[in-house]
Structures are given as structure tokens and as C-alpha cells.
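For reference, the structure discussed in these notes is given below.
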Amino acid sequence: MGTIDDSVAPAELRPVRCAGSLPRRLLAGLRLSAGLLLLAAQPAAARTIYVTPEGGGPGYGADGRVAAPRTLAFSTEAVRGLQPGDVVQLLADSPATDAVTRYRRRVVLTGPDRRDVPPILVRGLGPRTRMVGRTIDEIRGCPMPEDDIEQPCGDLRTALAAPPPIAPPSPDLLGALTVATTDPAGERTEDRDRSRRSRLAVPIGRAGRLADAACLDIDRADGITIEDMAFEGCWLAAVRATGSRRVTLRRSLIIGSSYGLAARGSPERPSDTLVVEDVTWVQDSSGYDEAALTREGPFRCRDGRITALGCAGLIWRSIPWGATHHGAYDHFNGALLGGADVRGPIVFRRNTVLSAYNGIRLKAASCEDLKASALSAASCPFNQDVWITDNLFAYVRDNPVELETWATDVRIARNRIVNSHAWFSFDDMGGGPVYVYGNRGWFDDVPAIDRPGRDTSLPPCSRQPVEKPAAAGAFDPKLDRRYDYARSRWLPVGVESVGRSGAMTWMDPGDQSCEASLQGRVIKFALPPLGAEPDSYRYAERGPIYVFNNSWYLRSPVTGIGAAANLRHWNNALMFCEPGAPGADPDLCRTRPETFDASACGRGLVRGDDLARYPGEIGTLPFFDCFRWLPVDERGHDRSDLASEFDHDVSSNGFPLLLMRQRGIEHHGRRGHPGFTAPERGDFRLLPDALAAVAACAVTETSDHSLDCSEVPNGRAFAGAFDPENRLYEGPASARFHPPE
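Residue numbers (the numbering used here): 6 to 746.
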């Protein structure tokens, strides 16, 4: 029997002395009733349960001393029946302080179904205790076939374990979270186009093989905290929470995994109150000395460099963007925190996301079929009160922050973003307001190309495409191939999805190329896809997207491949990587693509043929690219009600002259070096007499809780993320911007 420590028993109950004269038997009965009521209200004594991988014991603490002479095996059976306040303590099975104890069993936690009780705590010993999962090949059940055929994987038992879907499986690998609307003939065009943009790539359903696709499962629990843990190779998720609330993941190291924490709610089992904090996630460890990885860093790269900012890996250097998004490597298309139909509050803070595809990705999947005009906080009560603060995102191949379908009252503040693609994604997102402030972003690398002086053991992106006449394109058999997790099968080369009727949707060869998604942008917007139904495309109409007091060092445009929709862009400080700029490198900083082609960048979008490139007043890098000022509806009509504001910014390249004349942007904007100390190294503190040290207005909250950039006395306003005393901007002086405890 393992060791279980009980807390001190409740104190003896004292009878209440009653006034007046009551019969002795009645008085005794009242005392007994009162005692029983108090006992019923008293929570059960919390326990500490000590576990090791196989049980028995002894179990050792981080210092190598015996912590428990006998232990239980860490298993679903051992944690069944946990009560509020209980602690499950993982111990080492060796006294050697440099030894790692690996836990290889998948464990399911089913908490008590009581609201707002003390949480159950699952605690490790940091790097000394590590949960180890299954490889991606084990999850799939068979390797990629050599022949260009559909290849089923798994045995008959696995196939029978999966219930028949009520609709054709979505091409989205997170099919259990985002089932696309379909008709009997297969996926509708607009659904297929939307799925291409919004694909979440990790299934967290429990059918067939996916039942084991997590190291730690949280099933319909209220109050689970996981801390001081390490996870290694837990494909597809390190932690999976379904129908659970008040889930916290903190102070942990995750190596590999599509998701660190994948969470899903439902109308029957709402999910809310998620916290991910002080977690380090290295999704693609191919560029690291994995044996030296720690949560705190610094990190040793394969080329011998030691850095606090992570290392390039295969998904950054070698694999085309499309192959990671929806090809042979789409098991990387996840996030440290991925949520579908999760209500707030959601807190994501002080995390380190390195060499990953996305950082945090939140989707209101149940609202996908609502008309855009029908979306509201009542009809879509998800992704409300979100805090994304004080994180580091480095070598993120797609989006550090991605909000989809609907989000309201989101603060994205004081984050550092380095060598990432499209930093803040609001494509097809309804709701608002969103507040983006105090962030710093820079680069010293470009994906998919060979960089002199960088790790030569990772080859630059290359492809060997083979013509496929049926698809009118050429595809690489090793890269342009999808595994259908819902049906446990490899699809033929170049096939992105298969509808109910058997009709195939082919990949876009342009998306699969090594040149795809190299330029990047700060803010990701888009336009409705061609063929979209009226009132289906979503913009932030409930409140604006406020982007203010941020500092950027850029080789990419502020936004592109779309329009700025309901954006308020004030007091930002921008330094473009032009010749003579700090850290400027001709190859690193050149415009990509060098020749603008609206038919290429705007393909598949409504009014995509009238997008344009807008350089600043000086320099060659575009301020906006593949861009139009006003968003449009599904029929191509301008949405002037969603016009944006750009003013009071500082830019080393100035601003687009055409838009200054035609749209009146940046009436108070200033052209010049903002005065950063060393932006190429991420140091955005201001030099003495910096241009950004003063500004004509400060962002303040108005009586109706909107924001405005208004004059302030004593010249205390400034542009960028740092004030003249080099203090990091904390946000407007309002209780609504005070971060949660």
C-alpha cells in the first residue's frame, strides 16, 4: 500500500448552550442535529498521495532524500476518487539528483463534480520527473506509404472503436473541436475555404487511437492544478481537458507535443477559467541540445550557441509553411494553449514558447455556423476576458497569438516576439474590443532559407515536386501529404480533404512552396473568400482592435493580404530594416516578394485584384502590402463603418503618402528613428532625446469604456513600449487594465 498523508482531523464540535428551559431529551436532539449539520459542511481532510512510475517505493525528493517509504503507481486507478484539496506528488525512483524518472502511463483525472471547491494539485519535481508520451508514428498507426494511394492505418478493432461521424470529417485535425458544416454533396465551398484559414491541427476527441493521444487527461473536473512537471514527446497533447473548468498548468517544461494544454468545452459541460503560466514549451527540439533543455534556460543550440531566445529548428529552417499547416508535418500545427468553446477568464502569462507553429490559439467553434450579424456576447459566450501578457514567443512559424471566430475584452500586453511570422491574427474574428500594448517585436532571421553563420546541420527548405495532372499542379510526395486523424488513413499525395461524396479538394501548390509565408506581418487581417455566403465573414464590430504603445523592428509590413478593419493604431514606434539601420543585412531585410503581384497575393479573396503595395515616405520596405484601406463584405461592397485610424505613430520610413492624402492617416505621425537603444537585439529602451520620448497624446479610457488618444498635461505622453525613464508601459490608468492576481 502506498503512503497517504491525512491532514489533521477537524476539531471537536462544541455544543451550543441554549437559553431558557428546554427538556433534556430535546436539548440533546438539537445538539446532535447541529453537530451532524456541521460535519456535513466540513470538507473532507485533504491528503497527499505519493506516487512513482511503478509504485512500491521508496520515493525520493528533488534533493535525493527519501520522501515516502512506500508509494503508489501513478495511474488512473491511483488517482480515482480524489477529493478537493488533495495533492498527488510525483517522486523520483532514484536518489541520484541528476537522474530523470520517466512516467510512461497515460493518466486520466476525473475530479469531483462540485463547483469552486479547493483544487486538486498534481505536482512533480520539475526536471527530475517527466511524463513521456507516444510518438506521432505510434498515434498514426502506420508510416507514410511509398505509393501515391490512400492508405488505411490501424486494425479492425481501432476502426470499430470510432463512432460513425454524423458528417464527413473536417480536414481540420482537431475534428472533434471544429466539425465543419456540410451538405450531402460534401463540404461547401465557403466551408472548405474557411477551413483552409482556420485549421486547428490537433484532434482531442476520444475515439479510436485519439483516446490515448495525451499524457494527462482531465475529464469533467472542476479545479485541477498541474505544476512543476516535465512532459516529453506527448503527442498529440501533454494535457487534454474536456468539459473541465478552473484548470491551471504552471511552472512546467514541455518538449514536443502538438498542444501543451488542449481544452474543449460544450454547452452541456462549459469550460472556463484556464491559466497557463511560467511554462516553457519547445515544440520542435531539432535545433537544440535536448539533454540540456531546462524550463529557465538559457538554451544550447545544436550549433553550440547559447541563447535565451531559442534556436531555429526544422519547422523554421527546412519545412515549407504549407507542409506544416496541412501537410505531412501538420502535427506541429497546434499551440501551447489551444481552446475551443472556452469561456473566460483565460490567463496566459510569463510563458516561453520556442520553435513552435503557434503560441496561443482560441476558437469559438460552436459559433461557426452563426451569421456574423447574429454573433454577440450572449449568443457566443466564449473567449471573453483573455489576458496574454509577459510571454516570450521565438521562432514561431505562424502566429504567436491567434483568435478565431469570436473574442471579446482581450489584453495582449508586454510580450516579446522574435523571429515569428504573423504576430497577431484576427482573421475572420468577430467581437472586440482587443487591446494590444506594451509589446516588443524584432528579428534576426528569416524562415526557410540558409543563413550564413547559422546552424548548417539544418538544411534550407527544398522540394522535389512531381507533376500530378489530376490536380493541375506538382506536389512533393514526402511533404504534400495529409494524415486524416478522424479516419486513421493517409490521403493520396496533394489531397487536402475528401468530402462525403468522395470529391477531393487539392492543395494549392503555391501554399506548399518554400517561398510561401516568408514575408510575415505584425497584424493579420484578411478579406472574405470568393464564394462566401452573405453575412458569413466576421469582423471585430463589437469593439475596435486597439494597437498602441508598442515597439517594433521590422522587415515586414504592419499588415497585409487584406484590409485594416476597425483598427486604432496610436503611439507605436516602428523601425524598418533599411540600409543603415541597426543590424541591417541586405539579404535578411529585402522585400519579399520583390515584385508585387496582386493576382498572386490576393487570390481567392473578394476584391483581391485591387490590393496594392504601400511603401512609406522613404525606403523600400512596404508599410502595408497586398492591402486595401477599407474592408469589404462578401459581395465586395466597402465597409466604411469599419474604417480604421492611424495617428501619432513614429516610423523610420514615414507613412504611405497616398493614404495620408486620401484617407488622412497619421496627421500627427512623425518620420524618423524612434531612438531605440539596440532594436536588432530586442533592446527598445530609449536613448537620450529620442524622438519617441514625447508624443502629442496619451491613450486614455473614456466614460463609455472605449479608448481615445487625447492630449495630456506636462508632456508625459510618449510613443512605443518604453517611457522616457525606460519603464515598460503598463497600459491605461484604469482598473480594467490591472492584470489578474
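Heads up, the beta-carbon is just placed ideally off N, CA and C, and yes, glycines get one too. Since the model is a prediction, treat every value here as computed from it, not as a measurement.
Straight-line CA distance for residue i to residue j?
{"i": "G609", "j": "A399", "result": "30 Å"}
{"i": "D153", "j": "T230", "result": "46 Å"}
{"i": "P620", "j": "L663", "result": "9 Å"}
{"i": "G687", "j": "F581", "result": "13 Å"}
{"i": "N404", "j": "P89", "result": "37 Å"}
{"i": "L484", "j": "P150", "result": "12 Å"}
{"i": "M665", "j": "L635", "result": "14 Å"}
{"i": "T299", "j": "S360", "result": "15 Å"}
{"i": "M509", "j": "L266", "result": "32 Å"}
{"i": "A786", "j": "I351", "result": "Residue coverage of the chain in this structure runs from 6 to 746, which leaves residue 786 outside it and unanswerable."}
{"i": "L380", "j": "G624", "result": "42 Å"}
{"i": "E82", "j": "V93", "result": "13 Å"}
{"i": "D694", "j": "V655", "result": "14 Å"}
{"i": "A648", "j": "R721", "result": "29 Å"}
{"i": "R706", "j": "P474", "result": "In the sequence on display, residue 706 carries Glu and not Arg. Going by the C-alpha atoms only, they are around 59 Å apart."}
{"i": "I550", "j": "W411", "result": "13 Å"}
{"i": "A578", "j": "G116", "result": "48 Å"}
{"i": "R225", "j": "A219", "result": "16 Å"}
{"i": "V281", "j": "Y65", "result": "27 Å"}
{"i": "D709", "j": "G641", "result": "32 Å"}
{"i": "G61", "j": "A78", "result": "7 Å"}
{"i": "P123", "j": "G228", "result": "7 Å"}
{"i": "S430", "j": "E716", "result": "30 Å"}
{"i": "V441", "j": "P562", "result": "17 Å"}
Please report the residue range of the beta strand (DSSP E) in which residue i lies.
{"i": "A73", "result": "V71 to A73"}
{"i": "R633", "result": "P627 to R633"}
{"i": "L114", "result": "V112 to L114"}
{"i": "C466", "result": "Taken as a continuous stretch (DSSP letters only), C466 belongs to no beta strand (DSSP E), as it is neither H nor E."}
{"i": "A328", "result": "Not the beta strand (DSSP E): A328 falls in the alpha helix (DSSP H), residues W326 to H331."}
{"i": "D222", "result": "A219 to D224"}
{"i": "G446", "result": "R445 to W447"}
{"i": "L314", "result": "First-last for L314: undefined, no H or E at that position."}
From the DSSP output, which residues share a beta bridge with residue i?
{"i": "Y293", "result": "C306"}
{"i": "R107", "result": "R135"}
{"i": "N404", "result": "N363"}
{"i": "F236", "result": "M136 and I259"}
{"i": "P157", "result": "R494"}
{"i": "T510", "result": "S502"}
{"i": "W286", "result": "I259 and V358"}
{"i": "F337", "result": "Its beta-bridge partners do not exist; DSSP assigns none."}
{"i": "V127", "result": "V93 and I231"}
{"i": "T410", "result": "M434"}
By Cβ distance below 7 Å, which residues in the same chain neighbour residue i in space, the five residues on each side in sequence not counted?
{"i": "E472", "result": "A479"}
{"i": "R201", "result": "Any reading at R201 must be qualified, since the residue scores a pLDDT of 41, below 50, and its modelled position is unreliable; the value itself is stated next. For R201, where only same-chain residues beyond five positions count, there are no Cβ hits under 7 Å."}
{"i": "D142", "result": "P148"}
{"i": "W447", "result": "V423, Y558, P684, E685 and G687"}
{"i": "L319", "result": "D289, S291 and L463"}
{"i": "P157", "result": "S493 and R494"}
{"i": "D217", "result": "R111 and R139"}
Residues in its own chain within less than 6 Å of residue i by CB, not counting five upstream and five downstream?
{"i": "F742", "result": "G736"}
{"i": "R421", "result": "L397 and R445"}
{"i": "I259", "result": "F236, A243, G265 and W286"}
{"i": "A246", "result": "I223, V252 and A268"}
{"i": "R109", "result": "V137"}
Leaving out five residues on either side along the sequence, give the residues of the same chain with a beta carbon under 8 Å from the beta carbon of residue i.
{"i": "G565", "result": "Q524, R526, C606, P627, F629, D630, C631 and F632"}
{"i": "H673", "result": "D652, H653, A701 and C702"}
{"i": "L733", "result": "R419, G443, A726 and F727"}
{"i": "S378", "result": "D540"}
So residue i packs on residue j, CB below 8 Å; how close in whole Å?
{"i": "R354", "j": "D395", "result": "5 Å"}
{"i": "P514", "j": "V498", "result": "About 12 Å; that fails the 8 Å criterion."}
{"i": "D346", "j": "A383", "result": "Not quite, the Cβ-Cβ distance comes to about 15 Å (not below 8 Å), so this is no contact."}
{"i": "R307", "j": "S462", "result": "6 Å"}
{"i": "L314", "j": "V423", "result": "6 Å"}
{"i": "R251", "j": "T278", "result": "5 Å"}
{"i": "F387", "j": "R348", "result": "6 Å"}
{"i": "L367", "j": "G344", "result": "5 Å"}
Starting from residue i, trace the alpha helix (DSSP H) both ways and give me its first and last residue.
{"i": "R145", "result": "I141 to R145"}
{"i": "P591", "result": "P591 to C594"}
{"i": "M665", "result": "L662 to R668"}
{"i": "R322", "result": "L319 to R322"}
{"i": "C385", "result": "Premise fails: C385 is in no alpha helix (DSSP H) and is neither H nor E."}
{"i": "S604", "result": "A603 to C606"}
Would you say residue i reaches chain B, if we count a Cβ-Cβ gap shorter than 8 Å as a contact?
{"i": "P325", "result": "Of the protein chains in this structure there is only one, and it is not chain B."}
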